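Everything below concerns the one structure shown next.
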Amino acid sequence: MMSEPSLKEQLAAYEALFEKTGHLYGYESLARKESDPGTYEAVWHILSNICNAAWSVGCMASTSPVAAEGGDALWALHTPTGDAICVSRGITAHPGLLADMIKNFIRLGYEDHPGFENGDIFENNDPHYGGIHTPDFDMCMPIRYKGKLVAWASSVTHVNDVGMAQPGSIGFLNPNVFADGLTFSMEKVGESDRYYPWYDLRIRSRTRTPDYVLGDARGRLAGCITIRERLFEVIEKYGLDFILDASKEYVEDSRRYAVSRVRTQAIPGRIRKSQFKDLAMKGKRVLDPSQDIDCLFNLPMEMTVNADATVKLSLRGASGTVPFGQNISPTALKSGLLNGYSHIVGFDMFNSGPTASWEVEMPPSGSWANPFEKDFFASSGVAWAPAVIWMSSLYEVFGRLFQMRGFVEEMAAGAATTMTAEFAGQTQLGMYLASLTLEQASNGSPARGYADGENSAWCIYTPNADFGSAEVIEGYLPIMYLGRNIEPDSGGYGQFRGGLGHTAVWMIYGTTGIDYQCGCAGMRSKVLPNHGMYGAYPTWPDRPSYAHDTNLKELIDAQKPLIHERGPAEDPTITRIITARQMEDAAIAPFITPEPLQNYDVILHPVSGAQSMGDPITRDPISIEEDLNKGWTSRRVAEEIHGLVVKQESERDFIVDVAASEKRRQQIRAERIAKAVPFKEWWAVERTKIEARENMDEAVLHMWRTSMELSPSYGEELLAFWALPDDFVF
Amino acid sequence: MAEFHKADIEKLIDGVLPWPATQDIIKSPKDSDRFDKYIEIMQERVTFKETILLPLTPMLFIVSADGARVVKCRCGHDFGDYRTNWKLSSLIHVRDDEASLGEIYKGREMPDPSWTQLREYICPGCGSQLEVEAMPRGCPPDFEFLPDLDTFYSEWLGRPLPDSVASEDKTLETIADWSAAK
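Those protein sequence lines, which keep their order, are chains A and B. Residue numbers for the first sequence, in this note's numbering: 1 to 730. Residue numbers for the second sequence, in this note's numbering: 1001 to 1182.
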């Protein structure tokens, strides 16, 4: 009798079959689906529900604020060779990483040693081996049924603190990998459904919040055991052969769906979208002298939709690595991309399938998107940050393609940003805590092709956007909510506006001192998003406010008005109401407060809205009137940007004069033509300014230098466009 | 396969279709004739007679004009060969200092003009703001989409266009002409 091929051999055979046939596992037909579509569909939903049950069990078992209140975790079920079959709700950037991790365990020969047995626990959080950043603990467990390895269960949780140089989990300040904290590098960390004792000891000695980190470990394990035990029940009911066949068919089915969706709803061709993000750290509290710099990232996207409806993505022109935690490995980048792609294109069965239908060109070596070949010790403390801004382009790019085909109901403008709020210090219970709040998980959603986006109801990294209950967060952290308000005009200006973001207003209370870490997990504070889709104005930069050593207690004692909202951009409430020894009303993020905050200090943490689409003077006047009367836009924006004529009867009683507005809008069109110049004329002047590097910050110049050096063809095209000499260097 | 009335598609485009009907369109399998209906609707809304080959944006269209494929605005303004970035034939207004950026972004909303500039592309024919770019100085304008029209019509729609042209980016040829004339 022939022995079964090893997993490594099976993996190689499947790759060869895909190469030969263009179908995953060589499945040119979907036999189980075709012969018994009802059972096929039913089992899919059962398996999906098993993953979601694991999510509920795991998050509750965890007890950490990030998982228990925020649900910032995910569980998945995989084929024996690692492909994700189905996935729970939660942080959907991870199924690709989890699948790659299992494949890496197989490729590294772990099947022979230490072997894959029921109850074994394997983990990785090391970006050098496919992790995204160390706080995201990726874990998997083999599932054997009657001795045969039939599947894997996997999980990821985002732990509160992983022992980075700076407390917390958004390691934007890490200068190099040595500041990235505790790593588990492709390790077996337990067996017989239990972690090894030394796993516990390492976490206790090397993280600041070990009870929560171990709580997350418990949650991951509980969820994976849930998947395994319930899968056994499904196998008993439907038979092992059916489950093994159907599992692979679900993945191939999903690949076919993604390809077919592109072919029937998009257009072949080449799409380009530039994108930029800043990281301005000069003069701020940093960990290493090399970090006293400002950085600008170049995040270009070139996407080609091929004749066979496969998709190729290129990052040609990406700028160089940075001495901060914002570098990402190509493996993690691709997994992050699966998240965006699954939202936009392949979301019928969310699994590994769609990744097989697109090719991501290896990003330039030495860029933020492929750091380790040239800078092995580059930090990935918050690798997600540049990737998420790059991914935002994917929404707009596909939105444009869907429009061209007439499917306006599928369109989206660009995404919102991810600016985090993390605290580290003593809580009101006298214990030390380093923890994220969850405010960032509830952005406005992108404008749609037929309507505005939704307010505070969307998040790029999880389909279940949830900023957590204020009362629960107040229980974890020494903060009190003075406000949590929709932020007017935070969704850009267009025919359809982005969903609005919100601002949390916190008063520090019950601590002997706590750091506020306004972190970058994908935000901008100096530049605007390049998301002026169809003539809209993009959202403004992320600018939080805080006041340290304030008069707030005196205001409370005197029962005077407190601060509950940001107020107008030119007349901020914080400067009107609060006096303080230290105040920033428009701080350039990210940063850590120079001194620990104390009781009665104030923070205004804005969570961004998403992008608009369309010329602002074509927005429906009645929609603007409604926004005015809800306090969601200002009279200035209505008049100066949307071109309306507005009368105000009382504070919340605005009336738009539609006929007069139409005349005003015609006038604006004429004014635009009079004010603008032919492109050629501008080009001739602009190229001389570029040559003279006029009004170009050093961060901009450095970005162009690295982009051109790492991608010579990108540099050649840039020089040719501006007719600059071949030897021109920024 | 679902089929929807042209009038409902029009309402959807204009953002006035009631939410239940919009949901129905979102949830249903896609209608295979959507592209044709969309083109029909757009053709009725533009001021020119040439046949629309592709709606590039809600305002700009690649049309077949006397055997050439050119980009036209809804108002009829001609931006030339679709293989050259239409922005080169546009009007442009650039905000690259605090005074001009401050007309849009006030106080704490203000981006840093030495890091970014805001480019507004205006149609010379009707004054529509067609695209807005936010980029640092030095970035060439995005050529958002260069379609492979022949593959689309022949292989994806199964009805080849009467002629075919190579889908190649001609933008730098125009720049070279400008450069030579400097």
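Built from N, CA and C at the ideal position, the CB exists for glycine as well. Note that this is a predicted model, so its numbers are computed, not measured.
*asked:* Just to confirm before moving on: does the CB-CB distance between residue 77(A) and residue 50(A) stay below 9 angstroms?
replied: Using a Cβ distance threshold of 9 angstroms, residue 77(A) and residue 50(A) count as a contacting pair.
*Would you mind sorting residue 198(A) into buried or exposed? The rule is 16 or more other CB atoms within 10 Å of its CB.*
Taking all protein chains in view, the Cβ of residue 198(A) is surrounded by fewer than 16 other Cβ atoms within 10 Å, so the residue is classified as exposed.
_Beta-ladder partner(s) of residue 276(A), from DSSP_ = According to DSSP, residue 276(A) bridges with 298(A).
_Report the CB separation of residue 610(A) from residue 525(A) in whole angstroms; it is logged as a contact under 8 angstroms._
No, residue 610(A) and residue 525(A) are not in contact; Cβ-Cβ is about 17 angstroms, not under 8 angstroms.
*Considering only C-alpha positions, which residue in the set 507(A), 343(A), 485(A) is nearest to residue 500(A)?*
Closest in alpha carbon position to residue 500(A), among 507(A), 343(A), 485(A), is 485(A).
*asked:* Would the region 523-542 of chain A count as touching the region 1127-1145 of chain B if we require 3 or more Cβ pairs under 8 angstroms?
replied: Verdict: yes, contact present.
*Using the DSSP secondary-structure output, state which residues sit across from residue 420(A) in a beta bridge.*
Bridge partners of residue 420(A): 519(A).
*Could I get the ranges of all uninterrupted alpha helix (DSSP H) runs contained in the region 30-59 of chain A, with 4 residues as the minimum, in chain order?*
Qualifying alpha helix (DSSP H) stretches, in chain order: 31-35.
*So, helix, strand or coil for residue 583(A), using DSSP?*
Strand, per DSSP.
*DSSP beta-bridge partners for residue 476(A)?*
BP columns for residue 476(A) are empty, so no partner.
_Under 7 angstroms from the C-beta of residue 673(A): neighbouring residues of chain B_ = 1091, 1122, 1124, 1127, listed in chain order.
_Distance check for residue 402(A) and residue 342(A), CA to CA, integer angstroms please._
Approximately 15 angstroms between the Cα atoms of the pair.
*Thinking C-alpha only, which one of 58(A), 715(A), 60(A), 702(A) is nearest residue 320(A)?*
Out of 58(A), 715(A), 60(A), 702(A), 702(A) has the C-alpha closest to the C-alpha of residue 320(A).
*When DSSP labels each residue in this structure, what does residue 544(A) get in the three-state scheme?*
If DSSP states are grouped into helix, strand and coil, residue 544(A) belongs with coil.
*Determine the chain A residues that contact residue 1034(B) at a beta-carbon separation under 8 angstroms, and present them in chain order.*
In chain order: 405, 406, 407.
*Using 10 angstroms around the beta-carbon of residue 491(A), count the other beta-carbons present and answer buried if the total reaches 16, otherwise exposed.*
When all chains shown are included, residue 491(A) counts as buried.
*asked:* In whole angstroms, give me the CA-to-CA distance for residue 568(A) and residue 1097(B).
replied: Going from the Cα of residue 568(A) to the Cα of residue 1097(B) covers about 21 angstroms.
*Can you name the residues of chain A whose CB is closer than 8 angstroms to the CB of residue 1116(B)?*
Those within 8 angstroms of residue 1116(B) in chain A are 276, 526, 527, 528.
*Tell me whether residue 432(A) sits in a helix, a strand or coil according to DSSP, three-state version.*
Of the three classes helix, strand and coil, the one that applies to residue 432(A) here is strand, per DSSP.
_Span separating the alpha-carbon of residue 171(A) from that of residue 134(A)_ = Using only the alpha carbons, I get a separation of about 9 angstroms.
*Using a beta-carbon distance cut-off of less than 8 angstroms, what residues from the region 695-713 of chain A approach chain B?*
When C-beta distances to chain B are compared with 8 angstroms, the residues of the region 695-713 of chain A below that value are 695, 696, 697, 699, 700, 703, 704, in chain order.
_Can you tell me whether residue 447(A) is helix, strand or coil according to DSSP?_
Reduced to three states, the DSSP call for residue 447(A) is coil.
*Would you check if there are 3 or more beta carbon pairs closer than 8 angstroms linking the region 217-234 of chain A to the region 67-87 of chain A?*
In short, these stretches touch, since the Cβ pair count reaches three.
*By Cβ distance, which residues of its chain are closer than 8 angstroms to residue 1077(B), with the 5 residues on each side in sequence left out?*
So the list reads 1123, 1124, 1125, 1126, once near-sequence residues are dropped.
_Neighbour flag for residue 145(A) against chain B, beta carbons, 9 angstroms_ = For residue 145(A), no Cβ of chain B is located within less than 9 angstroms of the residue's own Cβ.
*What three-state label does DSSP hand residue 174(A) in the structure shown?*
Coil, per DSSP.
*asked:* Below 8 angstroms on C-beta distance, what does residue 400(A) contact in chain D?
replied: The structure shown contains no chain D; its protein chains are A and B.
_So, with DSSP's three-state summary, where would you put residue 1043(B)?_
Reduced to three states, the DSSP call for residue 1043(B) is helix.
*Over the uninterrupted alpha helix (DSSP H) stretch that includes residue 399(A), give me the two end residues.*
Run containing residue 399(A): 384-405, per the alpha helix (DSSP H) assignment.
*Listing by chain order, which chain A residues have their CB less than 8 angstroms from the CB of residue 1074(B)?*
Within chain A, no residue comes near residue 1074(B); the closest Cβ sits about 11 angstroms away, beyond 8 angstroms.
*What residues in its chain sit with their C-beta under 7 angstroms from that of residue 1075(B), if we drop five residues either side in the sequence?*
Excluding the 5 residues flanking it on each side, residue 1075(B) has same chain C-beta neighbours closer than 7 angstroms at 1047, 1123, 1125, 1126, in chain order.
*C-beta atoms of residue 163(A) and residue 107(A) nearer than 9 angstroms*: Cβ distance not < 9 angstroms, so residue 163(A) and residue 107(A) don't count as in contact.
*Taking Cβ positions only, does residue 1067(B) come closer than 9 angstroms to chain A?*
Closer than 9 angstroms: no.
*Is there a Cβ from chain B that is less than 9 angstroms from the Cβ of residue 533(A)?*
Closer than 9 angstroms: yes.
*Report yes or no: do three or more beta-carbon pairs, one from the region 651-658 of chain A and one from the region 1097-1114 of chain B, lie closer than 8 angstroms?*
Verdict: no, contact absent.
*Between the C-alpha atoms of residue 260(A) and residue 353(A), what's the straight-line distance to the nearest angstrom?*
Distance between residue 260(A) and residue 353(A), taken at the CA atoms: about 12 angstroms.
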